[in-house]
Amino acid sequence: MASANFSSFLQLTDLDDFITPSQECIKPVTINDKQQDISTPVGAAKIRIGGDVRNKNEQTAEHLVKASITLNDCLACSGCITSAESVLIGQQNSVELLKLFKEIELNVPNRTFDKIVVALSFQPVLSFAAKFHVSPIEARAKLSALFHNLGATKVVDVESIYDLCLLECGKEFVQRFKEKSSKSLPVLASACPGFVCYAEKTHGDWILPFISEIKSPQQIVGSMIKDTAPNHLETSASRVAVITVMPCFDKKLEASRSDFVRKDQQSKEVDMVITPVEIEQILTQLEINFSDLSSASIDSLIDEKIAKTEWTIPPGSGSGGYAEHVLRYAVKELYNVNLEEVTFTPVKNSDLREAVFQHEGHPVLKVAVANGFRNIQNIVQRIKRNKCSYDYIEIMACPSGCLNGGAQLRQESTGESTKLLSARLDGLHKSLKQRQASEETAQLLKGKWTNGAMTTDQDINLRTSYHALPKSTSALTVKW
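For the sequence shown, numbering that gives the first Met the number 0 begins at 0 and goes up steadily by one.
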């Protein structure tokens with residue numbers, strides 16, 4: 000699979016919780032067959048790693064050009080559930096990122112971008128901290144230095160917009176809860192593109208109304224950076240490349256959704272997603288030792304007044320704390336109670352945990368954190384049979400959630416198990432200072448985002464929609 004043009008790390012990792020059966024890619028491939036003997040019938044071609052030879056007859060064999068598939072191809076196809084390791088992705092990898100930095104450094108004519116803003120999510124930062132045995136604060140500063148040295152105009156935290164994202168999730172839930180519609184509860188968190196892709200391709204129309212319409216932090220931060228580019232970066236949105244650092248490859252699929260192309264049709268909200276394993280590949284290629292990197296501060300997203308003196312993350316899970324925040328927000332809005340502590344209790348396994356709020360001796364709100372596809376399948380079936388007791392579910396495709404994302408760094412040299420690594424990452428996550436989402440900060444962000452003009456159109460930028468894909472699966476593509 001390794002190639003000069005592709006990230007050699009774009010492959011499925013050791014996640015033990017994927018849905019079966021998987022499928023061969025069904026995208027048609029055109030084969031140049033100009034020299035073919037007309038008496039020799041040609042069958043359908045199948046994209047496959049190592050499938051670079053086609054037997055034309057018993058005596059001859061023809062070497063084929065390796066097929067490539069773009070992220071948009073994956074999104075428009077209802078074949079496999081998400082991207083498969085047999086798909087070579089020719090976009091959004093370490094090679095393309097270094098090329099982008101080099102074009103700006105050399106002032107290449109007719110280049111697409113003039114400035115680059117990198118947005119770090121906290122899970123990859125913790126992944127580097129765990130692998131290189133440094134503190135999360137130090138790992139964050141070293142990553143900032145790396146991207147600044149490469150030529151980034153700014154390096155910011157994705158957590159800068161969590162106040163805005165989480166509060167919108169809370170408001171959406173309260174609205175749906177008050178409606179008490181069987182078609183809108185439970186609300187399913189939409190931050191995991193693996194789950195969203197699975198829902199659209201496998202279950203279609205019936206499940207989509209349950210999914211939260213709030214964009215993920217990745218897309219909100221990208222949209223904010225682009226919208227504020229003229230004022231804060233002194234260039235047009237289309238000339239700014241937004242690069243996010245995320246814990247899983249499926250975030251690349253999310254960034255490539257047609258829903259996240261800006262209204263001007265000139266650029267995407269997020270132009271490229273890079274992952275920890277690809278950053279490590281960059282370090283290897285440039286012969287940089289992570290431990291030897293200097294430190295650099297994180298830049299303010301859009302205004303120095305909003306910049307935090309301390310790095311803080313939302314309380315709750317390592318996937319963003321959606322369930323805990325929604326429960327706190329809803330209890331305050333609906334029952335005027337401030338929850339001092341939220342306790343999640345495991346249900347059958349550690350990847351399914353629930354929290355219940357009781358009012359006057361009766362359970363009135365019930366939320367859950369569900370990680371891994373086995374739990375997702377169970378939840379989906381309960382909803383389908385109208386037997387799901389949860390009001391809100393923070394749902395993530397990876398076992399253990401985003402801290403164990405498929406593109407996080409693994410400890411191959413030490414042989415550390417995934418379970419032990421997840422426990423270490425969870426410990427690092429809990430060591431960070433936590434801060435609940437603030438309405439004041441969210442309003443300040445909105446004001447700076449819209450340059451003081453709070454409009455309905457701007458609020459729409461925080462929401463998205465989902466689309467059922469027509470099934471084109473045949474029995475021939477199923478691989479047990």
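Every residue, glycine too, gets a C-beta built ideally from N, C-alpha and C.
Since the model is a prediction, treat every value here as computed from it, not as a measurement.
Check whether residue i and residue j have beta carbons under 7 Å apart
i: Q122; j: M271; result: no
i: I301; j: K447; result: yes
i: F209; j: G150; result: no
i: K432; j: E309; result: yes
i: P192; j: K250; result: yes
i: L468; j: K200; result: yes
i: S211; j: V186; result: yes
i: A441; j: G319; result: no
i: S388; j: N403; result: no
i: F131; j: S290; result: yes
i: C168; j: V346; result: no
i: T311; j: R409; result: no
Segment limits, beta strand (DSSP E) that includes residue i
i: V154; result: K153 to D156
i: H361; result: H361 to N370
i: E353; result: N348 to H358
i: V117; result: K114 to L119
i: V239; result: V239 to V244
i: I301; result: Per DSSP, I301 belongs to no beta strand (DSSP E) and is neither H nor E.
i: V495; result: The requested residue 495 is not part of the displayed model; the chain covers only 0 to 479.
i: I273; result: M271 to I273
i: I394; result: Y391 to M395
Bounding residues of the alpha helix (DSSP H) (the contiguous stretch that carries residue i)
i: Y321; result: Y321 to Y334
i: N438; result: Per the sequence shown, the amino acid found at residue 438 is Glu instead of Asn. Start and end: E438 to W448.
i: Y197; result: P192 to Y197
i: V220; result: P216 to D226
i: Y465; result: Taken as a continuous stretch (DSSP letters only), Y465 belongs to no alpha helix (DSSP H), as it is neither H nor E.
i: E253; result: D249 to A254
i: P208; result: Per DSSP, P208 belongs to no alpha helix (DSSP H) and is neither H nor E.
i: D425; result: T417 to S430
i: P135; result: P135 to L149
i: C401; result: Where C401 is concerned, there is no enclosing alpha helix (DSSP H), given that its DSSP letter is neither H nor E.
i: V173; result: Y161 to E178
Identity of the residue in the options nearest residue i by Cα
i: S235; options: G371, S416 and D113; result: D113
i: A396; options: E415, N370 and I206; result: N370
i: P246; options: L119, L145 and R434; result: L119
i: V244; options: H466, N385, K445 and F127; result: F127
i: I136; options: R327, K386 and L427; result: L427
i: Y538; options: V173, L252, Q280 and I115; result: Because residue 538 is not part of the residues shown, which for the chain are 0 to 479, the question remains open.
i: Q217; options: E359, I103, T417 and V117; result: V117
i: D350; options: H132, D258 and P398; result: P398
i: N374; options: R352, L364 and G221; result: R352
i: I115; options: H231, N450 and L364; result: H231
i: Q407; options: N337, A228, I278 and M223; result: I278
i: D425; options: V94, L125 and S93; result: L125
i: M223; options: V157, T283, Q435 and N288; result: V157
i: S134; options: T227, L282 and K429; result: K429
i: Y197; options: S215, N148 and F372; result: F372
i: S93; options: N377, E439 and L285; result: L285
i: R110; options: A240, K386, F248 and L419; result: A240
i: T152; options: E178, K177 and E233; result: E233
i: L364; options: N377, L443 and K179; result: K179
i: L252; options: E102, S215 and S159; result: S215
Cutoff 8 Å; reference residue i; Cβ partners in own chain excluding five residues on either side
i: A322; result: A188, G315, S316, F343, A354, V366, A367, V368, Y391, I392 and E393
i: P362; result: V355 and F356
i: N348; result: N374
i: E171; result: V186, S211, E212 and I213
Anticipated Cβ contact below 8 Å, residue i with residue j, distance rounded
i: V260; j: K267; result: 6 Å
i: I242; j: L96; result: 7 Å
i: G423; j: I213; result: Reading off the sequence shown, one finds Arg at residue 423, where the question assumed Gly. With a Cβ gap of about 31 Å, R423 and I213 do not count as contacting.
i: L165; j: K445; result: Rounded, the Cβ-Cβ distance is 14 Å, inconsistent with contact.
i: A436; j: Y161; result: 6 Å
i: D263; j: S464; result: The Cβ separation is near 19 Å, so there is no contact.
i: T274; j: F248; result: 6 Å
Cβ neighbours of residue i in the same chain (closer than 6 Å, five flanking residues each side left out)
i: S143; result: V154, A295 and I297
i: Q265; result: S237
i: H358; result: Y334
i: N460; result: S222
Nonlocal neighbours in the same chain, by C-beta distance under 7 Å from residue i, ignoring five residues either side
i: L145; result: L292
i: R175; result: S183, L184 and V186
i: H466; result: E199
i: H202; result: V379
i: D204; result: A467
i: V336; result: V330
Heavy atom of the ligand SAM within 6 Å of residue i beta-carbon
i: T440; result: The model depicted lacks the ligand SAM and carries no ligand whatsoever.
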